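The block underneath contains the structure these notes are about, expressed in structure tokens.
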Ligand SMILES: [Zn+2]
């Protein structure tokens, strides 16, 4: 009886986690960083070698493609907020997926115990 309660508790915990899942259609991987850029136009005072700081800063979405490959995508200012929200949704989703996996592992253990 007690074990059955534990399984039910875990099911309830899992439902709670599933309910917190963000809309998966909005998620974006990667991280946002800001960077100065050089225009390479001759005589540009912002880009003078060793002195100029370049232009910007601009926002870059840095996405790991695996095997040490990274894709860097410039993000227009007007899209920054949306991209940030999508990155947060991705991170939240990953966290929840891990937690749900843990609950399911725990539940599997309980169910095996019940069969013994
Ligand atoms: Zn320049």
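Residue numbers (this note's numbering): 168 to 283. Note that the Cβ used here is the ideal one computed from N, Cα and C, for glycine as well. From a predicted model like this one, the values you see are computed outputs, not experimental measurements.
For residue 218, the shortest C-beta to heavy atom distance toward ligand 1 is 8 angstroms or greater. Short note on residue 202: C-beta not closer than 8 angstroms to any heavy atom of ligand 1.
Of the heavy atoms belonging to ligand 1, none sits nearer than 8 angstroms to the Cβ of residue 247. Within 8 angstroms of the C-beta of residue 208 there is at least one heavy atom belonging to ligand 1. Within the DSSP secondary-structure output, residue 233 pairs in a beta bridge with 236.
In the displayed model, residue 268 falls within a helix according to three-state DSSP. The continuous stretches of beta strand (DSSP E) do not include residue 212, and DSSP gives it neither H nor E.
Listed as beta-bridge partners of residue 204 by DSSP are 222.
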